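Student:
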Amino acid sequence: MSDYEIGVYNSKVREAIRNGDEWDEEDTGISADYENTLYFPVRNAASIEEVEKRAAKSFPSEKGYVVECIMLVRGY
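Mind the numbering: the sequence shown is residues 1 to 76 in this note's numbering, read in order.
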């Protein structure tokens, strides 16, 4: 098992903010912080494919999330 880190942003947030539109965090449930890439640990994953599956559950593309990168932090 290995530990990874993923970088995630939200394309809908990014587009709205960069176009000068207001982003309603309460209405969408998505923080305006997702305009930028945020990094999250993914621990004890057997493969990059497993990391991708976990990321898709936590950050669904239907809601505008984009996994920008997956980095291996520690391999076992």
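We put the CB at the ideal spot given by N, CA and C, even for glycine.
Owing to the predicted nature of the structure, the values given are computational and were not obtained by experimental measurement.
For V13, count the other beta carbons within 10 Å of its own beta carbon; 16 or more makes it buried, fewer makes it exposed. Which is it?
Tutor: With 16 or more other Cβ atoms within 10 Å, it is buried.
Student: The alpha helix (DSSP H) spanning S58 covers which residue range?
Tutor: 48-58
Student: Residues in the same chain with beta-carbon distance under 8 Å from A45, minus the five sequence neighbours each way, listed in chain order, please.
Tutor: M1, S2, D3, Y4, V51, R54
Student: Once you ignore the five residues that flank S11 on each side, which residues in its own chain have a CB closer than 7 Å to its CB?
Tutor: G64, V66
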